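>
Residue numbers (this note's numbering): 451 to 805.
1. Indicate the three-state DSSP secondary structure (helix, strand or coil) for residue 721 in the structure shown.
2. Candidates 800, 725, 668: which alpha carbon is nearest residue 575's?
3. Let's see if you can read the secondary structure: which residues bound the alpha helix (DSSP H) around residue 577?
4. To which residues of the same chain is residue 452 closer than 8 Å at the C-beta, ignoring the five residues directly before and after it?
5. Fully enclosed by the segment 666-719, which beta strand (DSSP E) runs are 3 residues long or longer?
6. Determine, using beta carbons only, whether residue 727 and residue 537 come nearer to each other than 7 Å.
7. Contact between the segment 705-719 and the segment 617-637 is defined here as three or more beta-carbon pairs at a separation below 8 Å; is this criterion met?
8. Can you check whether the CB of residue 725 is closer than 7 Å to the CB of residue 761?
9. If I'm right that residue 594 touches residue 580 with Cβ under 8 Å, what's the distance once you round it to whole angstroms?
10. Are the segment 743-751 and the segment 518-529 touching, with three or more C-beta to C-beta distances below 8 Å?
11. Rounding to the nearest angstrom, what Cα-Cα distance links residue 415 and residue 663 in this structure?
12. Tell me the rounded alpha-carbon separation between residue 535 and residue 690.
13. Should residue 705 go down as buried or exposed, given a rule of 16 or more other Cβ atoms within 10 Å for buried?
14. Under the DSSP definition of a beta bridge, which residues are partnered with residue 636?
15. Using a threshold of 7 Å, state whether the C-beta atoms of residue 526 and residue 504 are closer than that.
If you want it as structure tokens, here you go:
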């Protein structure tokens, strides 16, 4: 009994002097332990793609002191597991056998390492190739990109301006402007606007608009829905098509524009955290959105199929959340898109009238 008291006393004194002993995790090595299909389901990318990605970012993930630090491959898998989750860091930490705070830091660090790459509009020499691919979809000419907005759920950021993040469906979100090509890749991602922002407002203030209006993409169109203002380089559907050529214009535009909605669905199904929302710092949310867009493009480049739904996620609920993220805007007040502009009129009269 005296010995027990003495040991307890010694233990308490050690805690007072040195703090609580550090918890050391014996982490699983999932990359080695799982087969390719299991890893694909749990982490949303095949092993070959994971290895390719590690070679790109491992220099930014290495620690100078390797004393029980997390290896670059396990850091990447931790981040991918978060992207594949419903947004609960606790569940990711338990799965990866590490502390929640460590999981949070790793997710931020890896997202920052991934984000600045592989999202680009076509260079001038590639414009015709992009236009041809879009033309093969529904015979709409000269298109190089499709633009749409999608909402990513966040927790309330707090402060005096929190309500500007509340969207029309009543939840807090980031309204993300995405532009895609006919190969289902993301060409441009703007992740900085609060949920109350109008899609047209995002485009008007975007660098993409500046590039088009400065002639960087000659003889080319963007396509969007009726929530955007009609411009000579940005075409939207006619509100009231009457003639056969106007109806063909609308049909071709709408069929072509459906690609961007498909891309958003594929992107969010591959990384369900985009549909479920994130309970992390706002700055990390924005970085995560861009990082998952980069990974989507890498997966497309590597010809990866769409992964199955994670075992812990209800696919019907996931589809419901993806639909909740699509919030159409009414036409801009300054331009209700009823009267065709010059480019739209020329296209209808001299192209669709001859089909």
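Yeah, the Cβ is synthetic: ideal placement off N, Cα and C, and Gly gets one too.
Since the structure is predicted, the reported quantities are computational estimates derived from the model, not experimental observations.
Walking through what the data contain:
1. coil
2. 668
3. 577-588
4. With a pLDDT of only 45 at residue 452, under the threshold of 50, the placement of this residue in the model should not be trusted; the figure read from the coordinates follows. For residue 452, where only same-chain residues beyond five positions count, there are no Cβ hits under 8 Å.
5. 671-673
6. yes
7. yes
8. no
9. 5 Å
10. no
11. As displayed, the chain neither begins before 451 nor continues past 805, which places residue 415 out of reach and without an answer.
12. 43 Å
13. exposed
14. 630
15. yes
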